[in-house]
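Going line by line, the protein sequences match chains A and B. In terms of this note's numbering, the numbers along the first sequence are unbroken and rise by one, the last being 1380. In terms of this note's numbering, the numbers along the second sequence are unbroken and rise by one, the last being 139. Glycine included, every Cβ here is placed at the ideal spot set by N, Cα and C. Since we're looking at a predicted model, the values are computed, not measured. One structure below.
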Amino acid sequence: MSHQGYVGRRLPKADAKDKVTGRAAYINDVARPGMLHAKILYSAQPHALIKRIDTSKARRLPGVRAVITGEDIPDIPLGFKQDNRPLKKGKVRSTRDEIAAVAAIDPEVAAEAIDLIEVEYEPLPTVFSPEEALADGAPLIHESDARGKPNKSNKLKLPWRLNCGDVELGRAQSKYIAQGTYRTTWVSHCCLGTSGVIAEFDLKRNLTMYSVTQIPFLAQNDYLGALRAMGLSDSAVRVKCQTIGGGFGSKLDTHCYEFIAILLANATGKPVKIQFTREEEFLAQATRQPTVMEISQGCDHQGKLTFREVHMLLDNGAYTSWGATTPSVMMVPISSLYQVPNVHFVAESVYTNNLYAQAMRGYGNPQATFAVESNIDQLAEEAGFDPLEFRLLNANQSNTLTPQEFKITTCGASDCLEEVKKGLGWQAHKKAKAQGKNKSAEKACGVGVASLIHVGGGARVYRSDGTGMIMKLDDFGKLKVFTGAVEIGQGIETVLSQMVADSVGVRIEDVDIVAHDTDICPWDVGTHASRQAFVTGNAACHCGRALRSKVFELAAAQMEVEPEDLDMRESVIFVREAPEADGERVPLAQRGDSLPLAKVLRKAHFAKQGEMVVAETFYDPPNEMLDKEFKGNLSCSWAFGATGVEVEVDLKTGHVTILKYLAAHDVGKALNPMLLEGQIYGAAVMGTGFALSEEVKLNQGRVVNGNFLDYKLLTALDKVPVTPAIVETLDSAGPFGAKGVGESGCVPVAPAIANAIYDAIGVRLSDLPMTPEAVLAALKERFPDA
Amino acid sequence: MRQVIEFELNGQEVSAAVTGGQTLLDLLRDEFELYGVKEGCGAGECGACTVIVDGLALTACIFPAREVEGASVTTIEGLASAQGELHPIQESFVNQGAVQCGFCTPGNVLSAKALLDENPSPSEEEIRVAIAGNLCRCTGYTQIVEAIQDAAGRKS
């Protein structure tokens, strides 16, 4: 490792210049020679038998090259429970069900052909809530599971059950208990770049996917599975990620449209592109997992938490993507946010005729934290504590073991709460409120806080949590770094360049990241769980060390010193000024001698029996897979934070304005403060949208607001005045001390705002989003005479 | 029916045969291969396709192509020099961390340019109004606003 100081600097994003000039090529901008365009027909019914599909008119339309339905394709089971198919056969279960697809010479012809497909449905009884789906006599969404075993109910065979300590004992020991029921809804990722793909076979039947996936190597595996089902067992798959117009978890699963493109490319022998419209993006990109959460918590007379019990019901929609697995991360705050000895958590997913859900920034953590942190405020009030002091009293601490057996090594939880207290003027506000100075006839102000715990060192949710890296030096001292990491806008390529430059001792201008191609780059599990800076950073440290040793061996021979006498900074290799103790070893004459890296490399290359310098590593963090009881150290580093907000509630309109927003994060080490702040700002606004305005509205399973006029994404006018406070705890497991941060900022926003609204108006909102209508309705219910 | 129109595109006189239903976005992307004009919604709601027509920032995805007859059109490709020297607004976007996934970036830069050409030292509120039609899912807008303030500061 070299102390050049690239790490920690506010360096601009490596790809920013391409992006500000419009040169960056997104999937929307990419074409292949001879490429066809495909469109998909979605179901008109939320639950129905398909009695007949007539594609004859579509096939006859000039310019159409292929039309396929579920009848024309092999069985390709998709999704976590293998209950989905690229095109549905015989029956549809939601209005997002893909039932036919057309490949044509342009998108307009494909769309016209889609309109010519005639489908006759026989409607079936529907269920649009998990409660209905569990009722006696509810129609079965899936008659059997993936293995063909008949289903008795709409309940998924996926029980999530965590038991730590003795909740009944904890309840008995409680002086105060608070309970509540909280609900969150469907939220769309709203990536500005809509989803798209190009599937292309070569004449050896090998497949290339021009893709936007966040998981190129897992996607490759999924595509290989499809090819096997198509009888192409010997085919290889190459995934080439394009510039990605936003991820946030939306590209963490492989989706039906990708397999439809493969099937059409196979049927036509041509590259086939599918590019979603915005309407399709709302309909056919799976959402954040909606929840119904019942929670109770208790504390003793000193305010120490005694137990926490959470029961959740999850609307799984009609098929199973990652949404059904979000309880694995919901468990993190439920078991381990604050020190709580006894925990019980049960979650059940239920099939309905609604949209299905997947991963979205925080992977269930924002939903669970909404319940936990809203309820913590209820409990603090019950017990007569200031909500912030109550949190400090119970805050996580360094070197502790949580009930779910997470090993917390470094922990800045209390520091983050103190930052909020100070930055928000917590005490001054409370004093003003005590004097009734926080409200007028029209407006009321309040402050609220919520904390977070999230995985900070990756998470072993797959057998390997690893990442490979190859470093290759050329004759001119340029360093190519091959990584499986995917850049989705977060800045990993920039932060990785900084860490590589400092690890190896080269100039950052000489570092070039090569990524986004499964043929060239080593395996990586994916861009998820806020893991990339952590895992690729550690890989860079390991790989950089190996590369330096090789360089020093070559240079030592050339300079006639020992390799351990050498150091390298800014791509110059030099003989160390030897310390007193072993000062004898390096002859005085050589101290401070130096050679440019490029010169050493060329001399080594063009010598007799020359050699080139390449190093590789595979770093898999020491994270544990959760065991059968869902316990184990999921992540070798844990991220903490606290968000505090001051809101103003308009009592006439119900509108909530955020006056102050303090986001304190224990990030271990700020690798690039400017990009870090970008993550915090962006997550804060995404979290505020989740809290106040965003909802994919469904009516009888149909999306009724699939556009940006009706789906309320925050705009620049909805100012969220975020002040980041960075707490550095320097985690020894992390590269340069860093922990992950990508998702964290999104986690505590909704409860912080809900708690502030409560502080302002004395009304607790328990359903998201907390729209002006909802705030007004809650005010009316609470104060009917006002 | 095709109609030949003439207009100025990024400082050059050009002509094109357009149809009545063709949008400016399709004309710029399909005919002139200006892929910096991004389509995020196709309905004039997200601002990713923002271009400047006679000094006004507007959404090309719902603007009829034939309406640019005789007008001056600037896309993101018209800002930097051919040698890659950035416009000050672009430079500020790069240096202030205003770019993440980048899909909304060309639109935001052009809305900023239309603003600063008209009002060289806008208030924060004026900046926020100018980019209110440019949705961004990554940045939370803070660093975009800071970049525009920075560009205004350096120009004045």
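- B/C32 is outside the set of residues whose beta carbon lies under 7 Å from a beta carbon in chain A.
- Around A/N622, the same chain offers G787, G790 and Q869 as residues with beta carbons nearer than 7 Å, after the five sequence neighbours per side are excluded.
- Cβ neighbours of A/T1088 within its own chain (closer than 7 Å, five residues either side excluded): L605, K607, A608, N1266 and L1269.
- Interface annotation, A/P1363: not in contact with chain B, CB-CB separation never under 7 Å.
- Listed in chain order, the non-local C-beta contacts of A/A1140 below 6 Å within the same chain comprise A1209, local neighbours out to five positions each way being set aside.
- Excluding residues up to 5 positions away in sequence, K685, V686, Y715, E716, P717 and L718 lie with their Cβ nearer than 8 Å to the Cβ of A/A642 in the same chain.
- Unbroken beta strand (DSSP E) runs of no fewer than 3 residues, entirely contained in the stretch 870 to 905 of chain A, are found at 885 to 893, following chain order.
- In the structure shown, A/R799 adopts coil according to DSSP, grouped into three states.
- Going by DSSP, A/K633 is part of no alpha helix (DSSP H) but of the beta strand (DSSP E) stretching over L630 to Y636.
- Looking at the DSSP output, A/C835 bridges to A/S805.
- Annotated three-state conformation of A/W780 is coil, per DSSP.
- Distance check between A/D648 and each of A/V601, A/Y957 and A/V696 places A/V696 closest, using alpha-carbon atoms only.
- With contacts defined by Cβ atoms closer than 7 Å, A/G1295 and A/N748 do not form a contacting pair.
- With fewer than 16 other Cβ atoms from the protein chains shown falling within 10 Å of its own Cβ, A/H895 counts as exposed.
- Chain-ordered listing is empty here: chain B has no CB closer than 9 Å to the CB of A/N1299, the nearest sitting near 12 Å.
- By the Cβ-count criterion, A/N969 is buried, with 16 or more other Cβ atoms from all chains shown falling within 10 Å of its own Cβ.
- Proximity to A/Q676 across A/R646, A/A820 and A/Y636 peaks at A/A820, based on C-alpha coordinates.
- Scanning its chain for C-beta atoms nearer than 6 Å, with the 5 sequence neighbours on each side dropped, one finds around A/D1111 the residues K834, in chain order.
- As the crow flies, the alpha-carbon of A/M954 is around 16 Å from that of A/M925.
- When rounded, the separation of the alpha-carbon atoms in B/T58 and A/S844 is 29 Å.
- In the three-state reduction of the DSSP assignment, A/F842 falls in the coil class.
- Of all residues in the stretch 47 to 65 of chain B, only T58, I59, E60, L62 and A63 place a beta-carbon less than 8 Å from a beta-carbon of chain A.
- Among the residues facing chain A, B/E16 is not included, as its CB has no counterpart in that chain under 7 Å away.
- According to the DSSP secondary-structure assignment, A/K1037 is paired through a beta bridge with A/D1244.
- A residue is called buried when at least 16 other Cβ atoms come within 10 angstroms of its Cβ; A/G731 does not meet this threshold and is exposed.
- At a C-beta separation below 9 Å, B/P89 has these neighbours in chain A: K613, V614, T615 and G616.
- The beta-carbon separation of A/E942 and A/L908, rounded to 7 Å, stays under the 8 Å limit for a contact.
- In the three-state scheme derived from DSSP, where H, G and I count as helix and E and B as strand, A/K1024 is classed as helix.
- Going by DSSP, B/S106 is part of no alpha helix (DSSP H) at all; its letter is neither H nor E.
- In its chain, beyond the 5 residues on either side, R679, P680, A820, A823 and F853 have a beta carbon closer than 7 Å to the beta carbon of A/I670.
- Contact note: B/R137 does not reach chain A at a C-beta cutoff of 8 Å; the least C-beta distance is about 15 Å.
- Closer than 8 Å at the C-beta level to chain B, one finds no residue of the stretch 1021 to 1042 of chain A.
- A/G956 places its beta carbon 7 Å or farther from that of B/G123.
- Straight-line spacing of the CA atoms in A/R1376 and A/A1368 works out to 12 Å.
- For A/G1272, the residues of chain B that pass the 7 Å Cβ criterion are G80, Q83, T122 and Q126, in the order they occur in the chain.
- Counting the other CB atoms within 10 Å of its CB gives B/V(-13) a total below 16, which places it among the exposed residues.
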